Each structure stands twice: as C-alpha cells, then as structure tokens.
Amino acid sequence: AQSVAQPEDQVNVAEGNPLTVKCTYSVSGNPYLFWYVQYPNRGLQFLLKYITGDNLVKGSYGFEAEFNKSQTSFHLKKPSALVSDSALYFCAVRDIEVDTGFQKLVFGTGTRLLVSP
Amino acid sequence: DAGVTQSPTHLIKTRGQHVTLRCSPISGHKSVSWYQQVLGQGPQFIFQYYEKEERGRGNFPDRFSARQFPNYSSELNVNALLLGDSALYLCASSSILGRYNEQFFGPGTRLTVL
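Chains Z and V, in that order, are what the protein sequence lines are. For the first sequence, the working numbering begins at 1 and goes up steadily by one. For the second sequence, the working numbering begins at 118 and goes up steadily by one.
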C-alpha cells in the first residue's frame, strides 16, 4: 500500500524566513502526491499536487513543493513565511486498489507550522 | 459559489447511540468521499460514492454506513457509537471519479462520544 510520512510534528519559523515542511513517500509505481492545509475549525484546503513533469510544483498562497525521486521526498516550501501560514499541513498520496482500480487519498499524520512574528 | 457543506457542525452523543452526518457537495460534483480525522492524526478514508453507488470502502467496521442521494448529497451513519468514534468527520467532493485533480473538503462535523 502507498504511504507518506511526515517526520516532524511541528515546525517553528520566524516570519520572513524560508520554511520547509518535510514529507517522504513509499509507493509502487509513479506517485501522485498532494499537500493540503488545515486551519482551526476548517476543512482541508488543497495547496498543490505532483502528477508528473517538473519536479518543482507551484501552488496556492506562494507555496511550492519539490519532488525528489531519489530521496522519495516531496517537501513543501515557501521562500518567506507569514504569520498567517500557521496551520496544520498534510501530505497525501493517491492509493490505487489494483483489482478494482478504485483510488483514494492516504494522508500523513500532519505537521503543525508555527510562524512567529 | 457554495463549497462543500456539512451538518451539523458539532455533535455530542453517548456510547451505544447512532448518528447521522450530512454532506452537500459542490454543485455539479457527483463524487463524495468521507474521511475520519482523529485528533493528532491525518484523515482516514471511510467511503467514496459516485453516482449514488459505493465505489470504495476503507478499513472501518460495519457500524459505519453511508449513502448518496439523487441530488448527490450524502449521509454517513454510525451505529452503536464507541468512545473511539470521537473525531472530525470530513466530507470531500470531486467532479470526476478516480481522478484526483483535487478533492474539495467541507469544514467537517466534530463528533464527541461520551
């Protein structure tokens, strides 16, 4: 089965500094990878996805993610963090059931990002 | 345009009771998925419905059931509630089955089982 791991429960960064939220994946075949963000009392919001092509994926709110096949990683990045970026971030991978072709999202455990003023 | 809506926002039940959670997808979306998010964990897939048929089921007991109506709204039912069912239940809709252009999530229903 496909899976993703987010090794950091929390990431702290000062406003204006670059941020990185880490994600590694374990898949058979080509990975379809996603990042979602969750603000308090809100549902998940889609940030970006990697399907194929360019290893650097640009998404919403100035976020981008770098797909690295050799390191099986898909880290989320932003050049300059904002206090309003403070939230819970989830990495996810598409999982396909071979016999039925059914697809679903498998999420990591999440990383809390705290951006201090 | 309205996004995915879920009701109720919060719910408190006691062990053994049953609960029904509701979801309305984005207009034009025919696929609805349900996820359970326990505190401190990522969302876990429960069900996916498309065109009123169950297309996928996660590793959840038979106490969990769902259905989709002709207007593509959906209900998630949980019987014989356990303390461990306390979680945020998320509904997501997408326009195309099986293609993850993206899933659009609702705000969730917070279920507390006492």
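Idealized CB from N, CA, C, for every residue including glycine. Here the structure is a predicted model, which is why all the values come from computation and not from measurement.
So, using beta-carbon positions, are Leu47(Z) and Phe63(Z) closer together than 8 Å? Contact: yes.
On the criterion of 16 or more Cβ atoms from any shown chain inside 10 Å, does Phe107(Z) qualify as buried, or is it exposed? When all chains shown are included, Phe107(Z) counts as buried.
Nearest to Arg42(Z) by alpha carbon, out of Gly223(V), Leu228(V), Leu231(V) and Thr229(V)? Out of Gly223(V), Leu228(V), Leu231(V) and Thr229(V), Gly223(V) has the C-alpha closest to the C-alpha of Arg42(Z).
Assigned exposure category for Phe114(Z) - 16 Cβ within 10 Å defines buried: Before going on, a small fix: residue 114(Z) reads as Leu here, not Phe. Residue burial is scored here from C-beta neighbours: Leu114(Z) has fewer than 16 other C-beta atoms within 10 angstroms and is therefore classed as exposed.
Outcome for Pro40(Z) when other beta-carbon atoms lying within 10 angstroms are tallied against a minimum of 16: Pro40(Z) should be labelled exposed.
Gly161(Z) - partner residues in DSSP beta bridges: As displayed, chain Z neither begins before 1 nor continues past 117, which places residue 161(Z) out of reach and without an answer.
Say whether chain Z places a C-beta atom closer than 8 Å to the C-beta of Arg80(V). Because chain V here runs from 118 to 231, residue 80(V) falls outside it and cannot be looked at.
Simplified DSSP state of Tyr61(Z), which is helix, strand or coil: In this structure, Tyr61(Z) counts as helix in the three-state DSSP scheme.
Spatial neighbours of Thr137(V) within its chain, please: C-beta separation below 6 Å, excluding the five flanking residues on both sides. Closer than 6 Å at the Cβ level, and outside the excluded window around Thr137(V), lie Glu192 and Asn194.
Mind checking if Lys49(Z) is an interface residue toward chain V, Cβ cutoff 8 Å exclusive? The C-beta of Lys49(Z) comes closer than 8 Å to at least one C-beta of chain V.
According to the neighbour-count rule (16 or more other Cβ atoms, all chains shown, within 10 Å of its Cβ), is Phe74(Z) buried or exposed? Note on Phe74(Z): 16 or more other CB atoms within 10 angstroms of its CB, so buried under the neighbour-count rule.
Is there a C-beta anywhere in chain V that falls below 8 Å from the one on Phe107(Z)? Yes, Phe107(Z) lies at the interface with chain V (some Cβ there is under 8 Å from its Cβ).
For Phe177(V), I'd like the list of residues in its chain whose CB is within less than 7 Å of its CB, leaving aside the five on either flank, ordered along the chain. Answer for Phe177(V): Ile163, listed in chain order.
Could you round the C-beta distance between Lys58(Z) and Pro18(Z) to whole angstroms and report it? I think they count as a contact, below 8 Å. Actually they are not in contact, since the Cβ atoms of Lys58(Z) and Pro18(Z) sit about 15 Å apart, beyond 8 Å.
Assuming Ala204(V) and Leu228(V) make a contact with CB atoms under 8 Å, what is their CB distance in whole Å? The Cβ separation is near 6 Å, so the contact holds.
Since Gln6(Z) and Thr109(Z) are thought to touch, with beta carbons under 8 Å apart, how far apart are those beta carbons, to the nearest angstrom? Confirmed, Cβ separation roughly 6 Å.
Going along the chain, which residues of its own chain have a beta-carbon closer than 8 Å to the beta-carbon of Asp85(Z), five neighbours each way excluded? The beta carbon of Asp85(Z) sits closer than 8 Å to those of Leu19, Tyr61, Lys78, Leu113 and Val115, all from its chain and outside the five residues before and after it, given in chain order.
Quick one: residues in its chain with C-beta nearer than 6 Å to the C-beta of Gln134(V), no 5 flanking neighbours on either side, listed in chain order? For Gln134(V), the CB contacts under 6 Å within the same chain, skipping 5 residues up- and downstream, are Leu198 in chain order.
Counting only the same chain and skipping the five closest in sequence on each side, list residues whose C-beta sits under 8 Å from that of Val131(Z). Residue 131(Z) lies beyond the range of chain Z shown here (1 to 117); nothing can be said about it.
In chain Z, which residues lie with their C-beta within 8 Å of the C-beta of Glu232(V)? Since the first and last residues shown for chain V are 118 and 231, residue 232(V) lies out of range.
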